[in-house]
Structures are given as C-alpha cells and as structure tokens.
Amino acid sequence: MDTHHGNPRSSGETETRKGIRAGLKNKLIWTMLGVGALPLMLTMILSYVQGTKSLQGVIGASFKALAYETSTKIDLLIEGEISRNIRHATHPSIRSAVSGFNQALLDPEARQKYIQEETANSTLSILETDASQALQSFQKRKTRSVLATRALYVTDAFGILRASINDFPELLHSKNPDWGKAITGGKEFVYIGPVTFNEKAESFLMTFAIPILDDREKTIGVLHHVFDAKEFFSGSIEPITFGETGHVMMVDSRGMVIDCPILPTGFILPDPVLVKSVTGESPDWVKTMGDGHGGEELSIIGFSPLEQTREW
32 MDTHHGNPRS
42 SGETETRKGI
52 RAGLKNKLIW
62 TMLGVGALPL
72 MLTMILSYVQ
82 GTKSLQGVIG
92 ASFKALAYET
102 STKIDLLIEG
112 EISRNIRHAT
122 HPSIRSAVSG
132 FNQALLDPEA
142 RQKYIQEETA
152 NSTLSILETD
162 ASQALQSFQK
172 RKTRSVLATR
182 ALYVTDAFGI
192 LRASINDFPE
202 LLHSKNPDWG
212 KAITGGKEFV
222 YIGPVTFNEK
232 AESFLMTFAI
242 PILDDREKTI
252 GVLHHVFDAK
262 EFFSGSIEPI
272 TFGETGHVMM
282 VDSRGMVIDC
292 PILPTGFILP
302 DPVLVKSVTG
312 ESPDWVKTMG
322 DGHGGEELSI
332 IGFSPLEQTR
342 EW
C-alpha cells in the first residue's frame, strides 16, 4: 500500500504567513487604538486643566464678591457709628462743659493746680456731671456698638478729662495720638485708631475720636469712643460661613487678625507673601499655597479693602 505524505516545508510556510498576518493585524489594531487614544487622553487632560481653571475662576469671583459685600457692610457700620458720635459731640451739655473749663484754665498755673487736685481726687465727681450724664444717655439702647463700648469720654482743649461714662479713661490725654490728632485736625477730621491690646481691658481695642466744635466751628475738645474690636465687628463677620471651612475674616495691613471665627484677635498671619497678596487696594481674588490658618494646600481667597473707611 502506498501512502502519500504532504510537503512539510509548505505547511510550515503557510503557518508562518498566517502568524505574520495575525501579528500585523494586531499591531495595526493596537496602533490605531493608540493613535486614537492619545488625542483622547490629551483632550481629557486639557479639558480637566481648563475646567479646573474655569472652576477656580468662578469660585474666586464668588469669594471676591462676598468679600466686597462684607467690606461694604463694615464700611456702613463704621460710617454709621461716626455719624452718631458727630451728633453726640454737638450736645449742649458736652459743649458747655468743655468751653467752660477751657476758659477757666487758660492760665498755666491754674491749670497745673487743677490737674494736681483732680489727680488726688477720685474720678467719681466727673461721672456725676451733666456732660457725663449726657454720655450715659447715649448708651441706654443695647445696640451692637453699645455692647462693644469700653469707654466714652470727653477731653478739653488741654487734653484733660471732662466727662465719662465710667472710670476707664485716665485724667490726662495730651500725649495720646487720638487727642493730639483730633484737636488739631480741623472741623471735619475723624480719628480711627489702630487695633491695639489694652492691659486694663485685657482685650484689643480701637478708638474713634471726634472734634467738639463751638459756635464758630473751632475745635474746643474731643469726644473719644473706645470699642472692643472683636465685639464691634463680629456680628457682621462671624455668621458668614460656607462649606466645611469657608468663612470671612478681617485683617489689617500688617496681617493682624481683627476678627475671625477661628483665629484670635491679635494673631499675626505668619506668611508675609500671603498678607501682601490679600491686602491689595481694590477687590480681587488670589490663589495661594496656604490659608493663614495652618493649611499648606492650594487656597482661593477673595479680599476687599474698607474703601470708605480709608477716606476718613
């Protein structure tokens, strides 16, 4: 019996060609997938970057608007308080008390004698004068500013205390910047002092000083109003929160915290770059590494200066 055997070489070549075709086909498929996937991945990355940038812009603009709205509210709060104190400074009892003492103490010897006598005596007699009672009447309504008040008093043209609602102020004020600037600043001058720590009150205080004018609009004395800074501003700042950690805070140009629901008043922000970034002269927003509260991650911060208050 004859048996026919096929050509083994021919069979091997056929398998090889099939393998080449299959491998080439797979390579073409993977190449097509790779070429198609690469633009898709680039598009996704670019879309993510652009989307992130766009989202940051939306968030930043929202924070800027919130900061501006809050700063406007604070401006109105301060402006309202200044207007009230200007009206208080025109009260007849206050003007007459100051002008009367100014005339009596024109002589330097008489003035020095009076200072020595008053230094030896208690300030209780001052609290009982008509001018002091007028000041106390201004404090009857339990408004936010009244609750934040630590002192409200009057000094004459020599810096001597003439009226007060309490025993907080000292007798002599001629060396204090609030008296010195208000007594020489002119009829429209308003002094808004920096927030500083007061050992007697054991808190951070700020002072408004308003000139007291006579009938000829000449400055004859000064009305001083001293507030606890945190109590004065907190009602307009601390209720504003958003998200888990978002909040509004108030700092001065040095980076000192005036009011914040997290950081204490008087705390100095440790990053000068951050402080410079968020204390610009016009409303804006910035991206910073760190938020001034200990976090080091990327933060978006909106800010706005007190534009009206800066004009006083």
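Note that my numbering gives residue 282 to position 251 of the sequence shown, counting from 1, and the numbers run on in steps of one. For glycine and all other residues, C-beta sits at the position ideal for the given N, C-alpha and C. Owing to the predicted nature of the structure, the values given are computational and were not obtained by experimental measurement.
Check: Distance CB(residue 258)-CB(residue 296) smaller than 7 Å; Outcome: no
Check: Spatial distance of residue 182 from residue 192 (CA atoms); Outcome: 12 Å
Check: Extent of the continuous beta strand (DSSP E) to which residue 334 belongs; Outcome: 329 to 334
Check: Secondary structure of residue 300, DSSP reduced to three states; Outcome: coil
Check: Contact the stretch 290 to 304 vs the stretch 105 to 124: 3+ CB pairs below 8 Å; Outcome: no
Check: Through-space distance from residue 238 to residue 225, alpha-carbon basis; Outcome: 7 Å
Check: For residue 121, the three-state DSSP class (helix, strand or coil); Outcome: coil
Check: Helix, strand or coil at residue 228 [DSSP, three-state]; Outcome: strand
Check: Rounded separation between residue 255 and residue 268 - CA only; Outcome: 25 Å
Check: Start-to-end residues for the beta strand (DSSP E) that takes in residue 181; Outcome: 180 to 187
Check: Residue 166, buried or exposed, once every other Cβ within 10 Å from all chains shown has been counted against 16; Outcome: buried
Check: Residue 264 burial status per 10 Å Cβ neighbour count (16 or more: buried); Outcome: buried
Check: Contained beta strand (DSSP E) runs [length at least 3] in the stretch 268 to 326, N- to C-terminal order; Outcome: 288 to 290, 315 to 320
Check: C-alpha gap between residue 67 and residue 303, whole angstroms; Outcome: Unreliable placement is indicated for residue 67, whose pLDDT of 48 sits below 50; no coordinate value is reported for it.
Check: Test item: CB-CB of residue 271 and residue 91 under 7 Å; Outcome: no
Check: Residue of 198, 319, 185 minimising C-alpha distance to residue 244; Outcome: 185
Check: Counted within 10 angstroms of its Cβ, other Cβ atoms place residue 273 as buried (16 or more) or exposed; Outcome: exposed
Check: Residue 200, buried or exposed, once every other Cβ within 10 Å from all chains shown has been counted against 16; Outcome: buried
Check: Through-space distance from residue 278 to residue 157, alpha-carbon basis; Outcome: 44 Å
Check: Supposed close pair residue 334, residue 98 - CB separation, criterion 8 Å; Outcome: 5 Å
Check: Counted within 10 angstroms of its Cβ, other Cβ atoms place residue 232 as buried (16 or more) or exposed; Outcome: exposed
Check: Beta strand (DSSP E) segment containing residue 250, residue limits; Outcome: 250 to 259
Check: Reduced DSSP secondary structure (H/G/I, E/B, other) of residue 215; Outcome: helix
Check: With 16 other Cβ atoms within 10 Å as the buried cut-off, status of residue 65; Outcome: Because residue 65 sits at a pLDDT of 49, beneath the cut-off of 50, its placement in the model cannot be relied upon, and the following sentence gives the value as read from the coordinates. Burial call: exposed.
Check: Residue 234, DSSP secondary structure in three states; Outcome: strand
Check: Anticipated Cβ contact below 8 Å, residue 218 with residue 248, distance rounded; Outcome: 5 Å
Check: DSSP three-state assignment for residue 192, whether helix, strand or coil; Outcome: strand
Check: For residue 16, the first and last residue of its enclosing alpha helix (DSSP H); Outcome: Nothing can be reported for residue 16: it is not among the residues displayed for the chain, which extend from 32 to 343.
Check: Bridge-paired residues (DSSP) for residue 240; Outcome: 222, 255
Check: Nearest-angstrom beta carbon gap, residue 128 and residue 160 [assumed within contact, 8 Å]; Outcome: 6 Å
Check: Rounded separation between residue 162 and residue 109 - CA only; Outcome: 24 Å
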